[in-house]
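Scroll down for the structure; my scribbles are underneath it.
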């Protein structure tokens, strides 16, 4: 790998900066060195659907690589984020010359496909409350908590875009969960008081397999 490391392009994105535009030509894969990113896709009527959140060490833009000439998603930094990028030509060369990398990437794609298929199968069976709870638990597993609050600040709209619902429903569910003593909030910040108890509500539908 050493000869290819020097060919990577490093960059820093400010909070809110869009570094992959949906429909733009593919220009390789991105890796999050440090930071948080939301990956989204335009749905019906132009509504944004957040398909996943990414953290340190994770890959972004892999669905465009090898499958077409244009990105099918957009990616936005949720905080100041350090990225590195390998362009398509370099990646093709690496995959032809490093079998272990090719195998690892193939395994990664298979795992991603399994997650996507499971998500589609289970998603329709969940109530709005379950979708919001599942989104909160996913965010907790992905980023953890700091001083009693999730270690990432998302707007109610972003939570709605991720849970596949709307702002009003998210606000109602969060209000109900607060009254039940399951979560706490302070401004945009949310915290889960009892992860195990909250998890029991969606134990039959818990399809987010990644941490």
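Residue numbers (my numbering): 126 to 336.
C-beta atoms are modelled at their ideal positions from N, C-alpha and C, and glycine is treated no differently.
Whole-Å CB distance - residue i paired with residue j, under 8 Å assumed
i: residue 208; j: residue 158; result: 6 Å
i: residue 317; j: residue 308; result: 5 Å
i: residue 161; j: residue 277; result: 6 Å
i: residue 200; j: residue 145; result: 4 Å
Contact set for residue i: own chain, Cβ-Cβ below 8 Å, skip 5 residues either direction
i: residue 233; result: 184, 187
i: residue 303; result: 309, 310
i: residue 290; result: 253, 256, 257
Same chain, Cβ closer than 7 Å to residue i, neighbours up to 5 away in sequence not counted
i: residue 152; result: 212, 213
i: residue 177; result: 164
i: residue 180; result: 157, 161, 267, 268
DSSP bridge partner residues for residue i (one or two, in chain order)
i: residue 274; result: 271
i: residue 156; result: 184, 209
i: residue 179; result: 162
i: residue 150; result: 195
Residues of its chain near residue i, where Cβ-Cβ distance is below 6 Å and the 5 sequence neighbours each way are ignored
i: residue 148; result: 195
i: residue 332; result: At residue 332 the pLDDT is 45, less than 50, meaning the model places this residue with poor confidence; the figure from the coordinates comes in the next sentence. So the list reads 243, 244, 247, once near-sequence residues are dropped.
i: residue 142; result: 202
i: residue 222; result: none
Among the options, nearest to residue i - alpha-carbon criterion
i: residue 281; options: 261, 269, 267; result: 261
i: residue 270; options: 319, 246, 283, 305; result: 319
i: residue 250; options: 272, 327, 312; result: 327
i: residue 312; options: 299, 237, 173, 155; result: 299
i: residue 273; options: 236, 288, 314; result: 314
Worksheet item: Does the segment 235 to 248 touch the segment 152 to 167, meaning 3 or more C-beta pairs lie closer than 8 Å?
Response: no
Worksheet item: Pairing CB atoms from the segment 215 to 234 with CB atoms from the segment 251 to 265, are three or more of them under 8 Å?
Response: no
Discussion item. For the segment 288 to 295 against the segment 257 to 271, do three or more pairs of beta-carbon atoms, one drawn from each stretch, fall closer than 8 Å, so that the two count as touching?
Written reply: yes
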